[in-house]
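Asker: Before I ask anything, let me first share the structure, which is written out below as structure tokens.
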Amino acid sequence: MKDKTLFVSGGTRGIGKAIVYAFAKEGCNVAFTYASSVDTANEIIADIEANYGVKCRAYKLDILEPNTYKDVYKEFDEDFDRLDYFISNAIISGRAVVGGFGPFMRLKPRGLNNIYTATVDAFVVGAQEAAKRMEKVGGGSIISMSSTGNLVYTPNYAGHGTNKAAVEAMVRYAAAELGEKGIRVNAVSGGPIDTDALKAFPNYEEVKAEVVRRSPLSRMGVPEDLTGACKFLCSHEASWLTGQTIVIDGGTTFQ
Ligand SMILES: NC(=O)c1ccc[n+]([C@@H]2O[C@H](COP(=O)([O-])OP(=O)(O)OC[C@H]3O[C@@H](n4cnc5c(N)ncnc54)[C@H](OP(=O)(O)O)[C@@H]3O)[C@@H](O)[C@H]2O)c1
1026 MKDKTLFVSG GTRGIGKAIV YAFAKEGCNV AFTYASSVDT ANEIIADIEA NYGVKCRAYK
1086 LDILEPNTYK DVYKEFDEDF DRLDYFISNA IISGRAVVGG FGPFMRLKPR GLNNIYTATV
1146 DAFVVGAQEA AKRMEKVGGG SIISMSSTGN LVYTPNYAGH GTNKAAVEAM VRYAAAELGE
1206 KGIRVNAVSG GPIDTDALKA FPNYEEVKAE VVRRSPLSRM GVPEDLTGAC KFLCSHEASW
1266 LTGQTIVIDG GTTFQ
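Here it is as structure tokens:
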């Protein structure tokens, strides 16, 4: 991955931050986005550049306004001369998901639509802009983060779960059409991972205990559990792998 460039959305925390570090350790230059954690973003840039000898930059992005990805990519173009990998990872939480995160009878179109915008629309615009740049370097790898909440019932997760199912379908459509440009498109679907997003669940302790009980590995997932699949999907080893979802769930969706 030396001299290649990754662009990942939501690199300040949780899974996105783990991805930033995992790729930087492989010698990959990294661009990432943040929503409000500008100080954290600057600390990560300083740490990555000091310790891994790669170029690292961060840009502000609101995935509830997916078209603004185009402006962010213009900033990216001023800093980097190639794009090889794009990972759509950022996710909304808090007020933006009111009406989208909760039991079925409390779901409301506005909250559900916000999650669709942040999950599917943001993937589409981010991946379209990525593909234009990847085409110039002969191909690349695009990944959408997904979750097993689209496969198994997870309390309060209907809005996210249905939109993760939708983004996985969009991944397959993108894969079918971008393959001729040498661009592979896949999803990495995680079981419950201990991050801020999961801590926002009102029943976080209950979910955690249930994951540990269900997993044959008897533990909760951590962000680093998903980075290996991302690196694999971006590597030459995965050169005939496209339109797929890799599930990494500690065995929790089977039992
Ligand atoms: N946690 C899980 O159990 C789990 C399991 C499977 C898959 N996933 C998926 O993995 C991805 C990352 O999840 P996570 O748990 O690591 O999330 P997280 O810890 O909540 O981090 C969210 C990231 O998204 C950014 N963000 C928040 N609101 C945004 C907005 N409006 N516009 C742009 N960026 C925004 C945050 O930036 P700031 O720091 O600036 O706010 C942060 O970098 C998501 O797609 C999620 O669905 C999560």
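Residue numbers for the sequence shown follow this note's numbering, so the first one is 1026 and each next one is one higher. Every residue, glycine too, gets a C-beta built ideally from N, C-alpha and C.
From the DSSP secondary-structure annotation, give me the bridge partner or partners of V1055.
Answerer: To locate residue 1055, count along the sequence shown from 1; it is residue 30. In the DSSP output, where bridge partners are listed per residue, V1055 has L1031 and C1081.
Asker: Could you say which of T1142, R1135 and D1102 lies nearest to S1113 if we only look at CA atoms?
Answerer: Numbered from its first residue, the sequence shown carries residue 1113 at position 88. Comparing Cα-Cα distances from S1113 to each of T1142, R1135 and D1102, the minimum goes to T1142.
Asker: Quick one, are the C-beta atoms of L1203 and R1158 less than 7 angstroms apart?
Answerer: As a first step, residue 1203 is located in the sequence shown; it is residue number 178 there, counting from the start. As a first step, residue 1158 is located in the sequence shown; it is residue number 133 there, counting from the start. No, the Cβ-Cβ distance between L1203 and R1158 is not below 7 angstroms.
Asker: For ligand 1, any of its heavy atoms closer than 6 angstroms to the Cβ of I1044?
Answerer: Here residue 1044 refers to the residue found at position 19 when the sequence shown is read from its first residue. Not under cutoff, so the answer is no.
Asker: Quickly, what does DSSP pair N1211 with across the bridge? List them, please.
Answerer: Start at 1 with the first residue of the sequence shown, and residue 1211 comes out as number 186. BP columns for N1211 point to I1168.
Asker: Can you check which of these residues, D1064, C1053 and A1199, is closest to C1081 by C-alpha distance?
Answerer: Sequence index remark: in the sequence shown, residue 1081 carries index 56 (1-based). Selected option, being the one with the closest Cα: C1053.
Asker: Helix, strand or coil, according to DSSP, for V1123 in the structure here?
Answerer: Numbered from its first residue, the sequence shown carries residue 1123 at position 98. It is coil, neither helix nor strand.
Asker: Under 7 angstroms, do Y1110 and A1083 count as touching if we go by C-beta distance?
Answerer: In the sequence shown, the residue the question calls residue 1110 occupies position 85. In the sequence shown, the residue the question calls residue 1083 occupies position 58. No, these two residues do not count as a Cβ contact at 7 angstroms.
Asker: I need the DSSP call for V1361, collapsed to helix, strand or coil.
Answerer: The structure shown does not extend to residue 1361, since the chain spans only 1026 to 1280, so no value can be given for it.
Asker: Which residue comes first and which comes last in the alpha helix (DSSP H) that contains T1270?
Answerer: Residue mapping note: residue 1270 aligns to position 245 of the sequence shown, counting from 1. From DSSP, T1270 is part of no alpha helix (DSSP H) but of the beta strand (DSSP E) over T1270 to I1273.
Asker: State whether the segment 1070 to 1077 contacts the segment 1087 to 1100, with contact taken as three or more CB pairs (one from each stretch) at a distance under 8 angstroms.
Answerer: At 8 angstroms Cβ cutoff, the stretches do not touch.
Asker: Counting only the same chain and skipping the five closest in sequence on each side, list residues whose C-beta sits under 7 angstroms from that of D1274.
Answerer: Here the question's residue 1274 lines up with position 249 in the sequence shown. Answer for D1274: T1173, G1215 and G1216, listed in chain order.
Asker: Give the straight-line distance between the Cα atoms of E1160 and A1225, rounded to the nearest whole angstrom.
Answerer: Within the sequence shown, the letter at position 135 stands for residue 1160. Within the sequence shown, the letter at position 200 stands for residue 1225. Cα-Cα distance, rounded: 39 angstroms.
Asker: Considering only the beta carbon of each residue, do A1156 and I1088 sit closer than 7 angstroms?
Answerer: Taking the first residue of the sequence shown as 1, we reach residue 1156 at position 131. Taking the first residue of the sequence shown as 1, we reach residue 1088 at position 63. Not closer than 7 angstroms, so no.
Asker: Using C-beta distances below 7 angstroms, list every residue in its chain close to M1245, excluding the 5 sequence neighbours before and after it, in chain order.
Answerer: Translated into positions along the sequence shown, residue 1245 becomes position 220. P1217, D1219, K1233, V1236 and V1237.
Asker: For the candidate residues N1188, G1119 and K1085, whose alpha-carbon lies nearest to that of T1065?
Answerer: Counting from one through the sequence shown, the residue named residue 1065 turns up at place 40. The shortest C-alpha separation from T1065 is found at K1085.
Asker: Using the beta-carbon count (16 or more within 10 Å), is F1126 buried or exposed?
Answerer: The sequence position of residue 1126 within the sequence shown is 101, counting from 1. So F1126 ends up on the buried side.
Asker: Just to confirm, does N1114 get its C-beta within under 6 angstroms of one of the non-hydrogen atoms of ligand 1?
Answerer: As a working mapping, residue 1114 is identified with position 89 in the sequence shown. Correct: N1114 has its Cβ closer than 6 angstroms to ligand 1.
Asker: For G1007, name the three-state secondary structure that DSSP assigns.
Answerer: Examination of residue 1007 is not possible in this model, given that the chain is present from 1026 through 1280 alone.
Asker: Just confirm the distance between the C-beta atoms of G1184 and L1132, as a whole number of angstroms; I'd bet it's less than 8 angstroms.
Answerer: Taking the sequence shown and counting its residues from 1, the one referred to as residue 1184 is at position 159. Taking the sequence shown and counting its residues from 1, the one referred to as residue 1132 is at position 107. G1184 to L1132, Cβ: 6 angstroms. Contact.
Asker: Is L1258 near ligand 1 - that is, is its Cβ less than 6 angstroms away from at least one heavy atom of it?
Answerer: Here residue 1258 refers to the residue found at position 233 when the sequence shown is read from its first residue. No, ligand 1 has no heavy atom inside 6 angstroms of this Cβ.
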